[in-house]
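Remarks on the structure that follows.
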Amino acid sequence: MDRNRKWVPGLGAALLILLCHVTSALEVPLDPKVLEGLPQPPTITLQSPKDYIFDPRENIVIHCEAKGKPTPSFSWTRNGTHFDVEKDSNVLTKPGSGTLVIDISGEKAEAYEGTYQCTAHNEHGTAVSNNIVIRQSRSPLWSKERNEAITVQMGVSLVLQCRPPAGLPPPVIFWMDNNFQRLPLDKRVSQALNGDLYFSNVLPEDTRSDYICYARFPHTQTIQQKQPISVIVLNNSPEGERPPGFMMPLGPASAKMVLRGETLELECIAEGLPTPDISWQKDGGELPSSRMSFHNFKKTLMISDVNEADAGDYRCSATNNLGNAHHMIKVSVKAAPFWVSAPRNLILAPNETGILTCRVNGEPKPKITWFVNGIRLENAPEDHSRKVEDDTVILSNVQTGSSAVYQCNASNEFGYLMANAFVSVLAEAPRVLTPPNQVYQVIANHPALLHCASFGSPIPTITWFKDSQTSIRNGDPYVIHENGTLEIHVAQPLNSGKYTCIATNNLGIRENHVFLEVKEPTRILKQPEYKVVQRGMSAMFECKVKHDPSLIPTMTWLKDSGELPDDERFVVDTDSLTIKDVTDEDEGTYTCIMNTTLDRDSASAMLTVVEATPTPAIVHEKPDPPTDLELTDQTERSVQLTWIPGDDHNSPTERFLIQYEDLLHQPGVWVNLSEVAGTSTTARLSLSPYIYYSFRVLALNRVGYSRPSQPSRQYRTNPAAPDENPSDVKGVGTEPGNLVISWTPLTGFKSNGPGLEYKVLWRQKDTDGEWSSRSVANVSQCVVSGTPTFQPYEIKVQAFNDYGSGPEPEVMIGYSGEDLPLSAPESLQVMVHNSTLAEVHWEPVSIPSVRGKLQGYKVYYRRERGLHATEEETDQEEQVLTFSGNRSEGRLPGLQPYSLYNLFIRVVNSKGEGPQSSSKTFETPEGVPGPPSFLNVTTSSLDSLTLQWGPPMNNNGRLAGYTLKYQPVNNTNELGPVKVMMFLANETTTTLGNLNSSMLYKFYLSAKTIKGSGPIVTEEAFTVIDTAVPSRQVDIATQGWFIGLMCAIALLILVLLIVCFIKRNKGGKYPVKEKEDAHQDPEIQPMKEDDGTFGEYRSMESDTEDHKPLKGSRTPSNGTVRRDESDDSLVDYGEGGDGQFNEDGSFIGQYSGKKEKDTHEGNESSEAPSPVNAMNSFV
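Dropping the structure here:
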């Protein structure tokens, strides 16, 4: 509502009502459940454009569709009179709408040209469409003409006129030749906006006979051509160079009018030699670069979406090396009517007041005319509740049945606007359109929108409740919008829960429940890192993510913003990507994207593939420092820092470290602020108030950090109230009657402004009393005096400065000072479990009497004396055991048996110990005694030993006697039988007789009480050696075990020898005769006839290993071996003079000189070798 508008007299009361009851525009919802039974005046939803040019080859379709309840009926006017579509057989109306389809196939299309207007009507009003002008498209033929050849001298300017026929819409012009090839255009030869062809200067190559202008008509898709124009360029008297001059527009100045929102086209074409250059400028202003473009070699300037600021003087300049020329175009901007705010539909309840506003603008100023249901208001029935003032209609105290559709028409000489706006008078109870029990899910720290779409008349008032209890009002963190939507600026987990919206008007109330779930954001905890991998190796990128457990995440990997290659070398795991056998094609940027249904997070890293063996010549050094630090996009709490990376010296930059210096609080101290990936050159930095920032950047590669960059310019943030309060707030009393409240102060960096102080507040817990407070500065503690002893206090410390206070501080619990306990434990009782363990019980003191934090109870106990009558009293040291907490019993271990003890107890708090309780004595029963104090052998003889011992140091009871055990020990340390002797308590010596001489004896002695024997002491002693009897020498040769061992060894040697001879006999038979008969050896001498003997068979020294006798075989001494003589005996060799055995039993020596036995001997069976003979051969 325009509050500055002056109202006509008589409208003051209406204005007061308007201020209270003016209803904002309410669109009727399209929900069928709402529309059912809901009356609605007609609304035009679709209509044809105001200027409709149709193709005569197709049907004319004039659109008109509307909605309303009841469904509207339609009627048409043509050229201002009723158009009866029922009587025209060529006109059809689409069912369910007012759209006309006109069949012009058999009729003259001109008959249906004209101005049409559609009307939609129901019982609640009438809506009308725009005036739709219907015109037929036209593509007339070129008038026949005969073009004479044009003859010009070289260098002069020339214009070839096109002058196409007027078409509807206007045609598109272009020049071509006879071969339908476009003529080349440049800054010398160009086509003007009107289609004419301009030559700034002609050249001989411009001579041709086929300059043809074509006109293409877009609606009919037809092309018409002009008769060819012939141009002849002569060179006999060429034109000389000249300064520029304008061919169009003519003269020094011209004017141009353009409508707002259209495109301004300014054209300047100049002639001259050389060809001039064109430039543009606007006097007293700049050309709008974002909406401006040059065309036709800068001869045409176009400015789109013209507005009033584009009016003015535009200068085009033509320049060559001989001079320049100027032309001024004065541009004026007019405007057809355009909307400032169109009237909107109103839904009013009975007795409400509404306003229809029709705000338009234009040049010249449009005239506004109001209609109601298609009738001018001046001609409509009088309505006293309706007041009209120019562009505003005021409807006061509307009544049921006064619904109508109002039309606003704004027009001037350049066009018109018309809008329908209905006023529907309804009385409807509220309806909530948002589905019930809808669940909204949102990520923490993001906005949350909870909808409560409603409908009703009067418009319902929306209120919100959380968890059906807490009323929600506008203000942080909530905003309730006009449409009922509840917005939470920054949703937090504590905002989760059930929300109820209630829609209320004077006809009823409706409520709806929705639910909000605030989820944890998805965050990549471990981002993939830049990798340099050798070809053929594997590369792995990790991407570990944290997300809300109730959301189902989906991990996606991309390579260079596209999908991963379809290759089994790429293995995607839950939180990693592994690339096996890396190739050069794998190099690129890999991105892991974690998506949930609500949010996503992503991170990228580069993979660089290098040769398997890096070239040693590459030198890796620290990177150069970044340069050109620049601060942009500055806000109170953040700033954008950009930089240019320095040379990385063959080692890629892994990350950048950003540091800041606080020139106000800590000049000269650089503090780490943020780190970004090595691929980034910008960072968004979060800032704190009241800091004089200066930034610098360091680059890091594998070699190390670069030198710091030069500092950025200083950036100062404004002071503000503190963002946080002191930490580590504690309340501890140091002495009775005080409470020391301490905290860790805020640093200057966190103070956010000057005048930092602390407001210390305290009150006794559970008393609901007023908070006491004290403001302090430059300290970290506050001492409160006069407090009761050890009482809990609620304490909090809030920071504030000259610009305001910090957030509401957290309440901590502290305690005032302690004092010594007042009471001692009572009802002491002792339960003795055994001789060394007792259990003491007591009644705990009351908590108030502790007067502090109960640390526990201390039990002091001392051994007064032993219960043995003869024991001497000694001064025993007092022992202390502490039992922490609120205990009522404790055990006393390590007591001495058969003793009298005394004990008392004190209660302990942080301040110290309370008074001593009454003493309690108790006795421990007898226990086993300690070991005898000593055991000695005092006298030894051939068959007796005398022992002496001392009583135990601790009898632990009444000593009952001693137990002595002893046994002999032989030469092999074997123990003999044990003998036991018992002695009385007063016996401390004994002599043992009938012992073996020269024998070691071992003794065991222990003392005993009625509880049993105590630990033993041991001693060893020999009896005296008998010198009269020869000492017993053990002859090993006569020992049975030794004799058996020797027999076993001899038997084993015998078995081994038998096995050896058997093996030799198995290898001694060879079929040598047959082989020698078949292969006579030339080395074998012939048999001597005279003596019947063989020649000598001997081995040559040059024979190879193959001629040597096999191991275990025998070689004969002559050249022939009979088959039946092959069995031989070692006995024979043993008797030979030349043969012998070496130390290991193998045979050595030559077989020569041994004559063969006689033939009759050879026929006899050879004697089998025997073990006896074998043994003899070794002797």
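73 is the number of the first residue of the sequence shown in my numbering; add one for each residue after it.
Heads up, the beta-carbon is just placed ideally off N, CA and C, and yes, glycines get one too.
All of these numbers come straight from a predicted model, not from anything done at the bench.
Do residue j and residue i have their beta-carbon atoms positioned less than 9 Å apart in this structure?
| i | j | result |
| --- | --- | --- |
| N1253 | P300 | It is not possible to answer for residue 1253, since the shown part of the chain is limited to 73 through 1251. |
| S877 | K831 | yes |
| Q731 | R768 | yes |
| P532 | A575 | yes |
| N797 | Q901 | no |
| V771 | P881 | Note that residue 771 is Ala in the sequence shown here, rather than Val. The answer is no: Cβ separation not under 9 Å. |
| S309 | Y283 | no |
| L336 | D268 | no |
| E898 | E961 | no |
| R387 | Q353 | yes |
| V980 | L926 | yes |
| Q786 | T699 | no |
| K868 | V883 | yes |
| P625 | N577 | no |
| S989 | F976 | yes |
| D734 | F821 | yes |
| S799 | S758 | no |
Counting only the same chain and skipping the five closest in sequence on each side, list residues whose C-beta sits under 7 Å from that of residue i.
| i | result |
| --- | --- |
| L1014 | S1069, T1095, V1096 and D1098 |
| Q836 | Q863 and Y865 |
| S1242 | Note that S1242 scores 39 on pLDDT, short of 50, meaning its location in the model is unreliable and no value can be drawn from it. |
| V743 | Q731 and Y732 |
| P409 | V432, G434, P438, A482, S483, N484, G487, Y488 and L489 |
| D355 | G384, D385 and R387 |
| T294 | S211 |
Take residue i and list the residues in its own chain whose beta-carbon comes closer than 6 Å to its own, dropping the five residues that flank it on each side.
| i | result |
| --- | --- |
| E380 | V405 |
| E936 | L972 and N974 |
| S676 | T661 and T663 |
| Y478 | L428, V444 and A493 |
| S1171 | Because S1171 carries a pLDDT of 36, less than 50, the predicted location of this residue cannot be relied on, and no value is offered for it. |
| L1007 | W1021, L1077, V1089 and E1091 |
| N250 | D282 |
Taking 8 Å as the limit between beta carbons, can you name the residues of its chain near residue i, skipping five residues before and five after?
| i | result |
| --- | --- |
| T149 | F155, Y188, Q189 and T191 |
| R254 | F246, W247 and M248 |
| E583 | V504, T572, C573, I574 and A575 |
| T908 | P965, G966, L967, Q968, P969, T996 and G999 |
Could you check if residue i is buried or exposed, using at least 16 other CB atoms within 10 Å of its CB as the buried criterion?
| i | result |
| --- | --- |
| A684 | exposed |
| T143 | exposed |
| E339 | buried |
| S823 | buried |
| G858 | exposed |
| R1195 | Its pLDDT being 40, under 50, R1195 is placed unreliably by the model, and the measurement read from it follows with that caveat. So R1195 ends up on the exposed side. |
| C1119 | exposed |
| D1162 | With a pLDDT of 41 at D1162, under the threshold of 50, the predicted position of this residue should be treated as unreliable, though the coordinate-derived value follows. By the 10 Å Cβ count, D1162 comes out exposed. |
| H69 | There is no way to answer for residue 69, as the model of the chain reaches only from 73 to 1251. |
| H523 | buried |
| I885 | exposed |
Run through the region 725-770 for me and flag every whole beta strand (DSSP E) of 3 or more residues, listed as ranges in chain order. 727-734, 738-749 and 754-758
Just checking, does the region 320-329 make contact with the region 397-411 on the three C-beta pairs under 8 Å criterion? yes
Please determine if the region 507-518 and the region 467-484 are in contact, where contact requires at least 3 C-beta pairs separated by less than 8 Å. no
Are at least three pairs of beta-carbons, each pair with one atom in the region 209-228 and one in the region 125-132, less than 8 Å apart? yes
Can you list the beta strand (DSSP E) stretches of 3 or more residues lying completely in the region 360-407, in chain order? 364-367, 372-375 and 384-392
At which residue ranges does the region 930-978 contain complete beta strand (DSSP E) runs of 3 or more residues, listed in the order of the chain? 951-956 and 961-964
Runs of 3 residues minimum, wholly inside the region 561-602: which ones carry the beta strand (DSSP E) assignment? 569-577, 580-591 and 595-598
Sequence ranges, beta strand (DSSP E) only - wholly within the region 973-1040, length at least 3: 992-995, 1004-1012 and 1017-1024
Cβ contact check for the region 528-546 and the region 611-620: 3 or more pairs under 8 Å: no
Take every Cβ of the region 552-561, pair it with every Cβ of the region 628-644, and state whether three or more of those distances are shorter than 8 Å. no
Identify every run of the alpha helix (DSSP H) within the region 1063-1092, keeping only runs that are complete inside it and at least 4 residues long; order them along the chain. none
Quick one: any contact between the region 1022-1029 and the region 1077-1086, if contact means 3 or more CB pairs under 8 Å? yes
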